[in-house]
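Student: Got a structure for you, written out below as structure tokens; questions coming shortly.
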Amino acid sequence: MKKKKLMVIGLDSAPPGLVFERFRGRLPNLNRLMEEGVYAELESCIPPITCPAWMCMVTGKDPGTLGIYGFRNRRDWSYDRLEFATSRMVEEETVWQILSRAGKKVVVLGVPETYPPKPLNGVLVSSFLAPDTSSDYTYPPELKDEIRDVVGEYIIDVRDFRTDDKERLLRELYEMTEKRFRLARHFARTKPWDFFMMVEMGPDRIHHGFWKHFDPTHPGYERGNPYEGAMADYYGFLDGKAGELIEDAGDAAVMVVSDHGAKRMEGGFCFNEWLIREGYLTLSKPPEGRARLEECGVDWRRTVAWGDGGYYGRLFLNVKGREPEGIVERKDYESVRMEIKDKLEALTDDQGKPMGTVAWKPEELYRAVKRIPPDLIVLFGGLNWRSVGTVGHGAVYTHENDTGPDDANHDYNGIFILRAPGVRKRGMMDRAKITDCASTMLKLMGMRPPADMQGKALV
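In our numbering, the protein residues as written are 1 to 459.
Next comes the structure, spelled out in structure tokens:
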């Protein structure tokens, strides 16, 4: 019986609107996979962000079951103890851990939330969440020396991608992508593998840096700007690198996926400014200019709720007996939460039009709710608006991002493309879910998915 092999190429943030439509004519290799196999829009998790989305994909579990709600998560019920999402938070088994136990050889390169590396039956290079290349970012640790021999100084991530220095950003993007795929090809050709998975962060970084330069619907677009073709050019380069790696896969099944999509960012909604105006948040002293909450000080004895910024908003209630200086009575918890949810969903944009904000209760979204979730998960304006956590803006709407220049927000749907032996050509399928991917990967490897995986195999 022929040995089953699977190569997964992850393109962080790649949206169906670009890959399946607008740039398709410039992507001959991805287009060939679509024509020879199946593809679909891939519904991401909520929130649709890198952490936790990639772990949802490779465990088949939702964010609540993972207990991971973003890049930063509350460590306890205090106000200021946050921890970054690392591999230590991932307690559910990944596809490669399941395959390693079954004796399969695996290669894992650049998948988020794999730092610090955990042992597996093969090799692993962790992602942009590793501090730098002086850290133990590989398994085994001595793999670092081999990487240096192959690519020189490996680039975990581009520096400061929220920048006005677009020329420097483009140079580093191309260099990062070239080195990642050069290393991937080296592993594909020199390491024994049954399962191979790599993730390239370049698409996400170019979206944030250059979306307004190519999208006429973006409020910051200027026709004829010097970077109008930068996105399309990069995607063409990316397709070429992916095509080379696909050649190295031989007759293995090939899957191309993204963790979420991307779209233009209309602006930012100053979440904590709004909570102050609505009387839910009280500062100890007014800010001098823009500042983080902790720099102003919060009068917790007079604060009902506070928010956090990012691609989506997280709202936390200051609950008596739960938070150190909580004031919301347990009996009032649900009524206060619903009151704020209703107000958020009734928001208008800066032009007075309905914004289309949705505020989710975690228990409505997830099979389980582990660790410390937000009390509300808020997606502002259909994800056309970012959540801004700083205060001192003097308004609740802003068209400047408080973490640096940023043109794009994340979108609900990513991509799924599969060409595999025995899987007949079907073209575009109905929409798939990100939690379907783990079961699909295992089935393609000839293994039965565990019963507690939440998705279903797509083939």
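By construction, the Cβ of each residue, glycine as well, lies at the ideal position given by its N, Cα and C atoms.
1. Would residue 418 pass as a contact of residue 17 if the rule is Cβ separation under 8 Å?
2. State whether the segment 212-230 contacts the segment 185-203, with contact taken as three or more CB pairs (one from each stretch) at a distance under 8 Å.
3. In the DSSP assignment, what residue or residues form a beta bridge with residue 195?
4. Quick check on the DSSP output: the beta strand (DSSP E) that includes residue 255 runs from which residue to which?
5. Around the C-beta of residue 335, are 16 or more other C-beta atoms found within 10 angstroms, so that it is buried, or is it exposed?
6. Beta strand (DSSP E) containing residue 416: first to last residue?
7. Measuring alpha carbon to alpha carbon, tell me which residue in 355, 363, 197 is nearest residue 97.
8. Look up residue 410 in the DSSP assignment and say whether it is helix, strand or coil.
9. Taking just the CA atoms, how far does residue 244 sit from residue 458?
10. Are the Cβ atoms of residue 322 and residue 77 separated by less than 8 Å?
11. Just how far apart, CA to CA, sit residue 72 and residue 167?
12. Taking the straight line between their C-alpha atoms, what separation do you get for residue 406 and residue 40?
13. In the structure shown, what three-state DSSP assignment does residue 77 receive?
14. Just reading off the alpha helix (DSSP H) that residue 99 is part of, what are its end residues?
15. What span of residues does the alpha helix (DSSP H) with residue 363 cover, start to end?
16. Within 10 Å of its beta-carbon, does residue 285 have 16 or more other beta-carbons around it, so buried, or fewer, so exposed?
17. From the DSSP output, in three-state form, read off residue 320 for me.
18. Are the Cβ atoms of residue 111 and residue 54 separated by less than 8 Å?
19. Out of curiosity, what's the CA-to-CA distance linking residue 452 and residue 410?
20. Should residue 124 and residue 133 be called a contact, given that it needs their Cβ atoms to be closer than 8 Å?
21. Ignore the nearest five residues each way along the sequence and tell me which others in residue 280's own chain have a CB closer than 6 Å to its CB.
22. Restricting to Cα atoms, I'd like to know which of 353, 391, 267, 63 is closest to residue 297.
23. So what's residue 163 in DSSP terms, helix, strand or just coil?
24. Taking Cβ to Cβ, would you say residue 42 is nearer than 8 Å to residue 258?
25. Given a cut-off of 8 Å, decide if residue 401 and residue 162 are closer than it, judged by their beta-carbon atoms.
26. I'd like to check one pair, residue 265 with residue 408: are the Cβ atoms closer than 8 Å?
27. Looking only at its own chain, which residues have a Cβ that is under 6 Å from the Cβ of residue 144, when we skip the five neighbours before and after it?
28. Assign residue 299 to one of three DSSP states: helix, strand, or coil.
29. What residue range does the alpha helix (DSSP H) around residue 460 cover?
30. Would you call residue 440 buried or exposed, if buried means 16 or more other Cβ atoms sit within 10 Å of its Cβ?
31. Determine whether the beta carbon atoms of residue 263 and residue 383 lie at a separation below 8 Å.
32. With 16 as the cutoff for other CB atoms within 10 Å, does residue 207 come out buried or exposed?
33. Report yes if the C-beta distance between residue 455 and residue 425 is below 8 Å; otherwise report no.
34. Given that a residue counts as buried once 16 or more other Cβ atoms are within 10 Å of its Cβ, and exposed if not, what is residue 15?
35. Residue 329 and residue 320 - do their beta-carbons sit closer together than 8 Å?
36. Just to confirm, are residue 370 and residue 60 a CB contact at a threshold of 8 Å?
Tutor: According to the structure shown:
1. The Cβ-Cβ distance between residue 418 and residue 17 does not fall below 8 Å.
2. no
3. BP columns for residue 195 point to 6, 106.
4. Where residue 255 is concerned, the enclosing beta strand (DSSP E) stretches over 253-257.
5. exposed
6. 413-419
7. 197
8. strand
9. 26 Å
10. In this structure, residue 77 lies closer than 8 Å to residue 322 by Cβ.
11. 30 Å
12. 28 Å
13. coil
14. 95-101 is the extent of the alpha helix (DSSP H) around residue 99.
15. 362-365
16. exposed
17. The answer is strand: DSSP assigns residue 320 an E or B state.
18. yes
19. 28 Å
20. In this structure, residue 133 does not lie closer than 8 Å to residue 124 by Cβ.
21. 304, 305
22. For the residues 353, 391, 267, 63, the minimum Cα distance to residue 297 belongs to 391.
23. In the three-state scheme derived from DSSP, where H, G and I count as helix and E and B as strand, residue 163 is classed as coil.
24. yes
25. yes
26. yes
27. 138
28. coil
29. Given a span of 1 to 459 for the chain in the structure shown, any question on residue 460 remains unanswerable.
30. A residue is called buried when at least 16 other Cβ atoms come within 10 angstroms of its Cβ; residue 440 meets this threshold and is buried.
31. yes
32. buried
33. no
34. Residue 15 should be labelled buried.
35. Yes. Within cutoff.
36. no
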